[in-house]
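Following: one structure in structure tokens, then a few remarks.
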Amino acid sequence: MKNKLFYILEWADNTLILGQRLSEWCGHGPVLEQDIALTNIALDHLGCARNLYTYAAEIFNGMDAVDRSECFASVAFQRNVKEGHQADEDDLAFLRDAWDFRNVLLVEQPNTDWAYTVARAFLFDAFNYYYLTAMCNSVDERLAGIASKSLKEATYHLRWSSEWVIRLGDGTEESKTRIVEAIANLWPFTGELFTATEVDTFVEGLGVDFAALKPLWEQKVAEIFDEATLEVPTGVWMQSGGKTGTHSENLGFVLAEMQFMQRAYPNMEW
Amino acid sequence: MVDAIHGDFEQKIANDITIEPRDTMPDDYRKTLIRQISQHAHSEIVGMLPEGNWVTRAPSLRRKAVLLAKIQDEGGHGLYLYSAAETLGVTRDELLDQLHSGKAKYSSIFNYPSLTWADMGAIGWLVDGAAIMNQVPLCRASYGPYARAMVRICKEESFHQRQGFEIMHVLAKGTEVQKKMAQDALNRWWWPALMMFGPHDSDSTNTEQSMKWRIKRISNDDLRRKFVDVTVEQTKVLGLTVPDKDLMWNAETGHYDFGAINWAEFWNVVKGNGPCNKQRLEARKAAWQKGEWVREAAMAHAEKRKARKEALVAA
Ligand SMILES: [Fe+2]
Ligand SMILES: [Fe+2]
Chain A
37 MKNKLFYILE WADNTLILGQ RLSEWCGHGP VLEQDIALTN IALDHLGCAR
87 NLYTYAAEIF NGMDAVDRSE CFASVAFQRN VKEGHQADED DLAFLRDAWD
137 FRNVLLVEQP NTDWAYTVAR AFLFDAFNYY YLTAMCNSVD ERLAGIASKS
187 LKEATYHLRW SSEWVIRLGD GTEESKTRIV EAIANLWPFT GELFTATEVD
237 TFVEGLGVDF AALKPLWEQK VAEIFDEATL EVPTGVWMQS GGKTGTHSEN
287 LGFVLAEMQF MQRAYPNMEW
Chain B
4 MVDAIHGDFE QKIANDITIE PRDTMPDDYR KTLIRQISQH AHSEIVGMLP
54 EGNWVTRAPS LRRKAVLLAK IQDEGGHGLY LYSAAETLGV TRDELLDQLH
104 SGKAKYSSIF NYPSLTWADM GAIGWLVDGA AIMNQVPLCR ASYGPYARAM
154 VRICKEESFH QRQGFEIMHV LAKGTEVQKK MAQDALNRWW WPALMMFGPH
204 DSDSTNTEQS MKWRIKRISN DDLRRKFVDV TVEQTKVLGL TVPDKDLMWN
254 AETGHYDFGA INWAEFWNVV KGNGPCNKQR LEARKAAWQK GEWVREAAMA
304 HAEKRKARKE ALVAA
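In the order they appear, the protein sequences are chains A and B. The first sequence begins at 37 in the numbering used here and counts up one residue at a time. The second sequence begins at 4 in the numbering used here and counts up one residue at a time.
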């Protein structure tokens, strides 16, 4: 059960953290239409995360006491478990510390500018599209259902970010310089998307074959980069660790901001 | 000839027939509308800032989602209104330039800071609540595109007001500290919300002409009184206290009497001396300036695309 829980959290944390990052743009977009589009995408990710956390919480609550006490290190979470509280979506989002988050490093990278935001979105969306397509065949009906609902949204996300990669790559000199830099700096975080953790290998049939997604992703990236007149980076050393809880320095700050209310005013209804 | 056109306009106004973009209209009518609609549009997008301030810190995932959706609506309102203004022969970019240069105004309420989570409740409940009072009569404004934009906007505003009231309700019925947070937000937002209806009728320079043109249908003071009557009752439901020691039910008039508004504060905030005037304008300008290369890239790409298509057709 623990593996299933952690597998769901890998997925859920990706969408929550990316949604959180995108929502930082709210009110500050380069043009009103894009402000609205980004908020839309942030809302989709958030909605997906909520469905997954709700399911994950049910699984957590169904586990035996020993297992439950071993899942998450945070004191606040442990206290709730000890006091017999039923965990819910908010506990999972707001009471875990960074080392219990399982999102890939890519999604926690800062917005920096529009080029980084677009590049991060595209590299993730292309992965997410094939990931969700595969998850639609999960033996777990609930996960398959969430995947098929999210796939519709992810299809739009991928179209949106592809179009922007093309616009920036094949736009002005400045936009090209910026998108090239953004891609170069985010590329080292793409390897992790396709490496299976121990958790991933334990949930066969329920999860996906990550390595099998890689050629599909590479093809999509090559196709869009070609249209954008961009080069696909090669021979880049890949960073990893997010999926097993070893994050970049960024995540701690994302969580400090996101979890502030629940930490300062614990155990209240909002 | 001129008189005939002018007469036509007057007759339409008198008969409550909407004025449409192609209709002839007096210059002052056009100018008044551009000023009012753009001011309204600017308010929508500047209004995204105090609430955007709490999106990343919302206390639950559900609240985060509702708040994001609400702010997104405000962006949409901005779009409708800029489009309505554009039908009067001015571009969105021109209007934004006026906002950024400080020439155009926006609702002063957004120059107050959002300091706690309860402010998300108070803004939805009071600020959107006051906006609804102001805006419902505008659904019957004489200028067609404006009136139609307002119909769409008003439909969404009631959701905004409700989500704000719901936040306040949960806080007011929550723990001691949550109740304190709710009361503190009410204390800070109550008077600025009353100021949203503008100066007293006796001091309002624009009201009379706007009423004649049927852009405005109910006066500032009448709207404010209605807002107080409704909102005081809601405050009782919450179990919170309106920060006005002069507030009292007047059985004779059938309305609440309320204390004097601090007009010196009002005019100072209008003039730029509010707690957040500088920050709000800076944030808007920064977003616009940082977005410049993005907009240029999008335009350059669109042109390249068009040129390639034309070359293909020619070949
Ligand atoms: Fe609005
Ligand atoms: Fe609103």
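Glycine included, C-beta positions come from ideal geometry on N, C-alpha and C.
Using a Cβ-Cβ cutoff of less than 8 Å, which residues in the same chain neighbour residue i once the five nearest sequence positions on both sides are dropped?
{"i": "His103 (chain B)", "result": "Leu284, Arg287, Lys288, Trp291"}
{"i": "Ser211 (chain A)", "result": "Ala151, Arg203, Leu204, Gly205"}
{"i": "Asp308 (chain A)", "result": "The requested residue 308 (chain A) is not part of the displayed model; chain A covers only 37 to 306."}
{"i": "Val201 (chain A)", "result": "Val154, Ala155, Phe158, Ile215, Ile260, Phe261, Ala264, Leu266"}
{"i": "Cys142 (chain B)", "result": "Ala150, Met153, Val154, Cys157"}
Please classify residue i: does DSSP put it in a helix, a strand, or coil?
{"i": "Asn1 (chain B)", "result": "Nothing about residue 1 (chain B) can be read from this structure; chain B reaches only from 4 to 318."}
{"i": "Tyr91 (chain A)", "result": "helix"}
{"i": "Asp11 (chain B)", "result": "helix"}
{"i": "Asp100 (chain A)", "result": "coil"}
{"i": "Asn173 (chain A)", "result": "coil"}
{"i": "Arg287 (chain B)", "result": "helix"}
{"i": "Val201 (chain A)", "result": "helix"}
{"i": "Val290 (chain A)", "result": "helix"}
{"i": "Gln212 (chain B)", "result": "helix"}
{"i": "Ala196 (chain B)", "result": "helix"}
{"i": "Asp71 (chain A)", "result": "helix"}
{"i": "Glu47 (chain B)", "result": "helix"}
{"i": "Lys106 (chain B)", "result": "coil"}
{"i": "Ile112 (chain B)", "result": "helix"}
{"i": "Thr233 (chain A)", "result": "coil"}
{"i": "Asp187 (chain B)", "result": "helix"}
{"i": "Ile221 (chain B)", "result": "coil"}
{"i": "Phe137 (chain A)", "result": "coil"}
{"i": "Lys176 (chain B)", "result": "coil"}
{"i": "Val154 (chain A)", "result": "helix"}
{"i": "Gln122 (chain A)", "result": "coil"}
{"i": "Gly167 (chain B)", "result": "helix"}
{"i": "Asn303 (chain A)", "result": "coil"}
Could you pull out every residue in the same chain whose Cβ sits closer than 7 Å to the Cβ of residue i, ignoring the five residues on either side in sequence?
{"i": "Met4 (chain B)", "result": "Low local confidence applies: a pLDDT of 45 at Met4 (chain B) is under 50, so the model's placement there is unreliable, and no value is given."}
{"i": "His43 (chain B)", "result": "Leu84"}
{"i": "Ala170 (chain A)", "result": "Val244, Leu249"}
{"i": "Ala162 (chain A)", "result": "Leu194, Trp253, Lys256, Val257"}
{"i": "Thr210 (chain B)", "result": "Asp204, Lys219, Ser222, Asn223"}
{"i": "Trp128 (chain B)", "result": "Gln164, Gly167, Phe168, Met171"}
Could you check which residue in the options has the C-alpha nearest to that of residue i?
{"i": "Pro29 (chain B)", "options": "B:Ile20, B:Ser41, B:Asp19, B:Asp11", "result": "B:Asp11"}
{"i": "Asn18 (chain B)", "options": "B:Lys215, B:Phe113, B:Glu160, B:Gln186", "result": "B:Lys215"}
{"i": "Lys15 (chain B)", "options": "B:Ala318, B:Gly201, B:Cys157, B:Ile218", "result": "B:Ile218"}
{"i": "Trp296 (chain B)", "options": "A:Thr280, A:Ala248, A:Gly207, A:Lys40", "result": "A:Gly207"}
{"i": "Ala150 (chain B)", "options": "B:Gly55, B:Arg220, B:Ser161, B:Tyr115", "result": "B:Arg220"}
{"i": "Asn223 (chain B)", "options": "B:Leu64, B:Ala263, B:Gly201, B:Arg191", "result": "B:Gly201"}
{"i": "Ser111 (chain B)", "options": "B:Lys281, B:Pro62, B:Met302", "result": "B:Lys281"}
{"i": "Leu142 (chain A)", "options": "A:Tyr91, A:Gly55, A:Cys172", "result": "A:Gly55"}
{"i": "Asp80 (chain A)", "options": "A:Phe296, A:Val235, A:Gly98, A:Asn50", "result": "A:Asn50"}
{"i": "Ser281 (chain A)", "options": "A:Tyr89, A:Val216, A:Phe108, A:Pro302", "result": "Reading off the sequence, residue 281 (chain A) comes out as Gly, not Ser. Here the closest residue by C-alpha is A:Phe108."}
{"i": "Gln75 (chain B)", "options": "B:Trp192, B:Thr210, B:His163, B:Gly257", "result": "B:His163"}
{"i": "Leu229 (chain A)", "options": "A:Leu52, A:Ala123, A:Lys279, A:Gly241", "result": "A:Lys279"}
{"i": "Asn114 (chain B)", "options": "B:Ser207, B:Glu255, B:Pro53", "result": "B:Pro53"}
{"i": "Arg346 (chain B)", "options": "B:Asp206, B:Asn209, B:Thr256, B:Ser213", "result": "The structure shown does not extend to residue 346 (chain B), since chain B is modelled only from 4 to 318, so the question has no answer here."}
{"i": "Ser284 (chain A)", "options": "A:Ala93, A:Ile53, A:Glu119", "result": "A:Ile53"}
{"i": "Val245 (chain B)", "options": "B:Val272, B:Trp194, B:Asn209", "result": "B:Trp194"}
{"i": "Asp206 (chain B)", "options": "B:Arg25, B:Leu64, B:Trp270, B:Ala121", "result": "B:Trp270"}
{"i": "Ala101 (chain A)", "options": "A:Gly120, A:Tyr89, A:Ala85", "result": "A:Gly120"}
{"i": "Tyr32 (chain B)", "options": "B:Arg66, B:Ala144, B:Trp120", "result": "B:Ala144"}
Name, in chain order, the residues that DSSP records as bridge partners for residue i.
{"i": "Ile320 (chain B)", "result": "The displayed coordinates of chain B run from 4 to 318. Any statement about residue 320 (chain B) would go beyond what the structure contains."}
{"i": "Tyr32 (chain B)", "result": "In DSSP, Tyr32 (chain B) forms no bridge with anything."}
{"i": "Tyr259 (chain B)", "result": "B:Trp252"}
Output needed for residue i: all residues of its chain with C-beta closer than 6 Å, excluding positions within five of it in sequence on either side, in chain order.
{"i": "Ala133 (chain B)", "result": "Ala196, Met199, Phe230"}
{"i": "Ile48 (chain B)", "result": "Gly81"}
{"i": "Arg214 (chain A)", "result": "Ala151"}
{"i": "Asp247 (chain B)", "result": "Phe261, Gly262"}
{"i": "Ile170 (chain B)", "result": "Met123, Gly124"}
{"i": "Ala87 (chain B)", "result": "Ile40, Pro148, Tyr149, Ala152"}
{"i": "Asn56 (chain B)", "result": "Ser117"}
{"i": "Gln298 (chain A)", "result": "Phe130"}
Less than 7 Å between the CB of residue i and some heavy atom of ligand 4, yes or no?
{"i": "Ile48 (chain B)", "result": "Among the ligands modelled here, namely ligand 1 and ligand 2, ligand 4 does not occur."}
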